Every structure is written in C-alpha cells, then in structure tokens.
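Asker: Before I ask anything, here is the structure I am working with.
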Amino acid sequence: MIDPFAPTYQDFEHEPQQTKPRAITLFELNSRVRATLRQTMADCYWVVAEISELRVASNGHCYIEFVQKDEASGSLVAKSRANIWRQNYVMITSHFERATGQRLDAGIKVMACVVPEFHELYGFSLNVIDVDPTYTMGDLAARRKEIIRQLEADGVMNLNKELPLPRVISRVAVVSSATAAGYGDFCNQLQQSGYDFTVELFPAIMQGDRVEQSVIAALDRIAAQAGEWDVVVIIRGGGATTDLNGFDTYMLAANVAQFPLPVLTGIGHERDDTIIDLVAHTRLKTPTAVAAFLIERRGNELAMLKALQNRLLQAVQQRLQREDQRLSLLAQRANYAAMQQVARRRQRFDSVSHRFELASSRYVSRQRECVLKLGAKLELLIQSRLQQQQGALDRYPQRLRNAVDRVLLQAHHRHDMLQRSIKLAAPDRILAMGFSITTHNGKTVRDAATLKPGDELLTRFHTGQAKSVVE
C-alpha cells in the first residue's frame, strides 16, 4: 500500500538544494538488505514445501522452485526460488534416492534445510544444504494410505478382481505409449508365440503430470467399445520410482477398479506396487511378464483341450471295442433267432396270404360300387354349384352401376358445397359486409404493434379507398 503522507518527487523539487537527502544506488540498497538478512536471520531453517519445478543446469547446479498450497482450495500461498549448488547436489540426491527409491523431482513434498540468501543482482533465494528423505517417505506413504482407505470406503477396491477372466484371451486392448520399449517387447513376444492375438494400442502418456488424465481418457475410449475386447493391459517400461507417481492417484485407481473388463498391469517396476496394481485384476511385474501370462494362459487352455481330446479318443476307442464284442455276440444270437423266426413267419405268411387274397377281391368289389355312387353325386353337386354362380354373376353389373351412381352423386354434392364456400369467402363479399383491408407498403397490416408514427396506411372499402397516417 502507498503511504499518502510519504514525500513525493514534487516535494523534493521545491525544497532548497541543501535540504535534499543523499540518494543511494540500487546496489547499496540491496547490499543493506543482504546485510540485514544475515544479521537478523538464523543460519538455516528446516522448511516444508512442494517442489513445483526442478532443473539441473549443464554446470551441475540445481535450480528449484518451492511452493506452498492452501490445503482447502489448492491455491498458492507462498513461492520461493531455491538452489542446490553442485558440490552438494550429488550427495543430497544420491542419499535421497537410496532412502526413498525415487529421484528428487517436481511434484513431491520435501523437508529441506535451507539458508535464506539475498544477492544484489539475483534477489532472494534459498540455498538448500540438506533434504530429509524420511519426511518425503512419510508424506508419500500417508497420501498413498489415504487413497487406499478412500477406495476401500467406496467399496471399489476389489471390484475389478472379482471379474472373471475369459478362458480364451485373444482380443487385447493396450494402454501404453507408442514409443515405449515395453510396448514393443510386449507385441513382439505375442507375435512370436504362434498364437493368434488381436492387439490394439490406445495411446497414453505414461510419465509426468499428465499420466492420470491421459490414461483415464484411453480407458474411456476402450469402455465405449468394451464388447470388442477380452482384457485391458496397462504397460510401460522400467524407470525410477518417481516416474510411477502418476499411477498413485485416486481418480485413476477408481477408474481401473470399476472398469467393466479385467485389467492387467505391467508397470515395469519390480520393487513397489502402484495403487492401480492393487486394484487391477492381475498385477504382473513387466510388459513381457504380461505377455508371458497371456501366452501361458492360452497354452494351458490349448493343453487342456488336447488332454480332453486324448481322453475322449481313448474313451471312444474303448467304447467301440466293447460295442464290437457286444455286437458280435448279439449277431450270433440274432442269426439263430432269425432263422427260427423266418420259419414261423413263412408258415404264418402262407396262411395270411390266402385269406388276404379272398378279402381283397371282396373289398375291391365294394369299393368299385362306392366310386360309381360318389361320381354320380359329384356330377349333380357341380351342376348345382355352377347354376348358383351364374345367378350371382348376373346380379353384379346392376350392383356396380348403382355404386357408381352413388359415388358420382356424392362428388357432385361436394363440388356444390365447395363452390358455395368459395363464394362466401370472396374478398368482395367480406368488404360488402362492412369489413376493410388496411395495407402498409403493399403488405396487409395484421398487428398494430408493427406500425410506427408517420407510417402511411391505405384502407380499402367495398366501394373506394382512403389514406391515413399513423400518429
């Protein structure tokens, strides 16, 4: 805020020359600030902050931007530049990586021992002389634990694990980077397996701040055509543990946990599980391990089918042998029984044949008489039916003429009514009844709200017309 009572340039301009204060240079002012900072501030402070930017220059110095965000709104409340000079950078980062398993990088919270400094040319900054890895480990563990607790509270932790894996997996939707070496190894291993796999890549960013948004977008594209795939595979190559931070978010884990297809992960990091590894249906170490899993599952299914085929073949062969023996025995019995049956049947046939010959001759005689009687009846029925149909045909012309006369009469009545309606609706008749037609610029006026003062109107009556002006 500007002090309204502070002296201005005009105040100094009108004072006598001898009373003007002595001006100092900007360097002198910054030097006094630097000296004051050294005298009033302690040598170092342990500061908790989030790294928003980190850059290592070619000279070996590391340049950092620390930020602090409001826990409720997420907006920035503080920001400062910081440096780790070359002589300390290697020692600090190597110790941090050994303890936490990840690189010192943007996006993580740290507790750093810093020395406040002010330089006449470069302004205020913090000189980082140490970083406590235990704080970062605790913060990451706490954040991870909170995400897992939230997933369990939402009841989605094991949803994807409960989905059944198809017995035959052949259609695989892959979420990965097109340039990732792990993706290439995965595809090569499937191609060399000798099995027929259908693989389609749904590209996503697999490292950095955009992992969550990119992978969720890829999953949404797969979900839109879920019926075309058996499983979803999320794979990436190896790397530092810090590269996996994008896979430890609630939104991504919730999407994977609730995905309608089984999700297999091969993130490429053997030591630690990401949160999406915990909620996925099957967690495998590397992309090649995922490919090996799919190949092994296909091989097991094929082996089981071959085993069933062999068992079926053996069972059929054994059954055929038993049936062959049984048929041989039955054939012997049947041959003997057939000989006896043939002898009995021959005797019975001779007796039946004689009786049949007598009965058939009597039956043929009776049927011939029935046919002659039916023929006579049929002839009478046909003549009667023809006479009835001829009478009906004779009546059709008169009925048709009557129907045509009725249709023409109705059409004539409709024509007369239409002519009367047209005469009643004629404009001259409407005007003769006392109505008038008002026009503006040749167009009929139907709404007075469309007129403006000064518009000229033409009103037509049954006899004559008149002009008027709108006021």
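Just so you know, we're using numbering that gives the first Met the number 0 here: the sequence shown kicks off at 0 and counts up by one. Each residue gets a CB set at the ideal place from its N, CA and C atoms; glycine is no exception. On a predicted model such as this, the values are computed, not experimentally measured, just so you know.
(1) If we require 3 or more residues per run, which beta strand (DSSP E) segments fall completely within the segment 154-208?
(2) Using the three-state DSSP reduction, which class does residue 279 fall into: helix, strand or coil?
(3) Three Cβ pairs or more, each shorter than 8 angstroms: is that satisfied between the segment 219-227 and the segment 145-161?
(4) The alpha helix (DSSP H) spanning residue 452 covers which residue range?
(5) If contacts are defined as beta-carbon pairs under 8 angstroms, then residue 181 and residue 235 qualify, I think. What distance do you get, rounded to the angstrom?
(6) Using 7 angstroms as the threshold, is the C-beta distance between residue 201 and residue 286 below it?
(7) Does the distance from the CB of residue 230 to the CB of residue 168 come in under 7 angstroms?
(8) Rounded to the nearest angstrom, what separates residue 390 and residue 398 at their Cα positions?
(9) Using CA atoms only, rank isn't needed, just tell me which of 311, 246, 114 is closest to residue 203.
(10) By the 10 Å Cβ neighbour count, where 16 or more other Cβ atoms means buried, how is residue 178 classified, buried or exposed?
(11) Going by other Cβ atoms of all chains shown within 10 Å of its Cβ, with 16 needed for buried, is residue 468 buried or exposed?
(12) Suppose contacts are defined by Cβ-Cβ distances below 7 angstroms. Is residue 89 in contact with residue 111 by that definition?
(13) At which residues does the alpha helix (DSSP H) containing residue 326 begin and terminate?
(14) Counting C-beta neighbours from all protein chains within 10 Å, is the total for residue 132 16 or more, i.e. buried, or is it exposed?
(15) At which residues does the beta strand (DSSP E) containing residue 116 begin and terminate?
(16) What did DSSP end up calling residue 105 once you bin it into helix, strand or coil?
(17) Where do the ends of the alpha helix (DSSP H) carrying residue 82 lie?
(18) For residue 174, which option in 455, 126, 233, 213 has the closest C-alpha, if you only look at C-alpha atoms?
(19) For the pair the segment 298-311 and the segment 272-285, tell me if three or more CB-CB distances fall below 8 angstroms.
(20) Between the segment 46-60 and the segment 106-125, do three or more beta carbon pairs fall short of 8 angstroms?
(21) Contact between the segment 53-66 and the segment 31-41: three or more CB pairs below 8 angstroms?
(22) Contact defined as beta carbons within less than 8 angstroms: I believe residue 215 pairs with residue 251. What is the distance between those atoms, to the nearest angstrom?
(23) Mapping DSSP to helix, strand and coil, what is residue 439?
(24) Evaluate contact between the segment 429-447 and the segment 405-413, counting only Cβ atoms and requiring at least three cross-stretch pairs below 8 angstroms.
(25) Using the beta-carbon count (16 or more within 10 Å), is residue 20 buried or exposed?
(26) Tell me whether residue 422 counts as near the ligand SAM, meaning its Cβ is closer than 6 angstroms to at least one heavy atom of that ligand.
(27) I need the boundaries of the alpha helix (DSSP H) containing residue 220, first residue and last residue.
(28) Check whether the Cβ atoms of residue 155 and residue 257 lie closer than 7 angstroms to each other.
(29) Among 432, 68, 118, which residue has its Cα nearest to the Cα of residue 35?
(30) Mapping DSSP to helix, strand and coil, what is residue 65?
Answerer: Concretely, from the data shown:
(1) You should have 170-175, 197-202.
(2) Within the sequence shown, residue 279 is the residue found at index 280, counting from 1. Residue 279 carries a coil assignment under DSSP once its states are collapsed to helix, strand and coil.
(3) When C-beta atoms of the segment 219-227 are compared with those of the segment 145-161, fewer than three pairs fall below 8 angstroms, so the two segments do not count as touching.
(4) As a working note, residue 452 is residue 453 in the sequence shown. In the DSSP assignment, residue 452 falls outside any alpha helix (DSSP H) and carries neither an H nor an E.
(5) Here residue 181 corresponds to residue number 182 of the sequence shown, with the count starting at 1. Here residue 235 corresponds to residue number 236 of the sequence shown, with the count starting at 1. Indeed, because the Cβ distance is near 6 angstroms, the residues count as touching under 8 angstroms.
(6) Within the sequence shown, numbered from 1, the residue matching residue 201 stands at position 202. Within the sequence shown, numbered from 1, the residue matching residue 286 stands at position 287. No Cβ-Cβ contact shorter than 7 angstroms links residue 201 with residue 286.
(7) Here residue 230 refers to the residue found at position 231 of the sequence shown. Here residue 168 refers to the residue found at position 169 of the sequence shown. With contacts defined as CB atoms closer than 7 angstroms, residue 230 and residue 168 qualify as a contacting pair.
(8) Translated into the one-based positions of the sequence shown, residue 390 becomes position 391. Translated into the one-based positions of the sequence shown, residue 398 becomes position 399. Going by the C-alpha atoms only, they are around 13 angstroms apart.
(9) For the purposes of this step, residue 203 is taken as residue 204 along the sequence shown, with counting starting at 1. For the residues 311, 246, 114, the minimum Cα distance to residue 203 belongs to 246.
(10) Within the sequence shown, the letter at position 179 stands for residue 178. It is exposed - the Cβ of residue 178 has fewer than 16 other Cβ atoms within 10 Å.
(11) As a working note, residue 468 is residue 469 in the sequence shown. Burial call: exposed.
(12) One-based indexing of the sequence shown puts residue 89 at position 90. One-based indexing of the sequence shown puts residue 111 at position 112. Not closer than 7 angstroms, so no.
(13) Mapped onto the sequence shown, residue 326 falls at position 327. From DSSP, the alpha helix (DSSP H) with residue 326 extends over 286-423.
(14) The residue given as residue 132 occupies position 133 in the sequence shown. Its Cβ being crowded by 16 or more others within 10 Å, residue 132 is buried.
(15) To locate residue 116, count along the sequence shown from 1; it is residue 117. According to the DSSP assignment, residue 116 belongs to the beta strand (DSSP E) that extends over 108-118.
(16) As a first step, residue 105 must be located in the sequence shown, where it is residue number 106. Of the three classes helix, strand and coil, the one that applies to residue 105 here is coil, per DSSP.
(17) Numbered from 1 along the sequence shown, position 83 holds the residue referred to as residue 82. Run containing residue 82: none in the alpha helix (DSSP H); it sits in the beta strand (DSSP E), 75-83.
(18) Here residue 174 is taken as the residue at index 175 of the sequence shown, counted from 1. Residue 174 has its Cα closest to that of 233, out of 455, 126, 233, 213.
(19) Contact fails: fewer than three Cβ-Cβ distances are below 8 angstroms.
(20) The segment 46-60, when compared against the segment 106-125, does touch it at the 8 angstroms Cβ threshold.
(21) Not touching, per the Cβ criterion.
(22) Along the sequence shown, one-based indexing puts residue 215 at 216. Along the sequence shown, one-based indexing puts residue 251 at 252. Their Cβ separation, rounded to whole angstroms, is 6 angstroms, which keeps residue 215 and residue 251 in contact under 8 angstroms.
(23) Locating residue 439 in the sequence shown gives position 440, where the first residue counts as 1. When secondary structure is reduced to three states using DSSP, residue 439 falls in the strand class.
(24) Result no; under three Cβ-Cβ pairs closer than 8 angstroms.
(25) As a position in the sequence shown, residue 20 is number 21, starting the count at 1. By the neighbour-count rule (16 or more Cβ atoms within 10 Å), residue 20 is not buried but exposed.
(26) In terms of ligand content, the structure shown is empty, and the ligand SAM therefore cannot be addressed.
(27) For the purposes of this step, residue 220 is taken as residue 221 along the sequence shown, with counting starting at 1. It spans 210-222 - the alpha helix (DSSP H) in which residue 220 sits, taken as one unbroken run.
(28) For the purposes of this step, residue 155 is identified with residue 156 of the sequence shown, where counting begins at 1. For the purposes of this step, residue 257 is identified with residue 258 of the sequence shown, where counting begins at 1. Yes; because the gap between Cβ atoms is below 7 angstroms, this pair is in contact.
(29) Taking the sequence shown and counting its residues from 1, the one referred to as residue 35 is at position 36. Sorting 432, 68, 118 by C-alpha distance to the C-alpha of residue 35 places 118 at the top.
(30) In the sequence shown, counting from the first residue as 1, residue 65 sits at position 66. The answer is strand: DSSP assigns residue 65 an E or B state.
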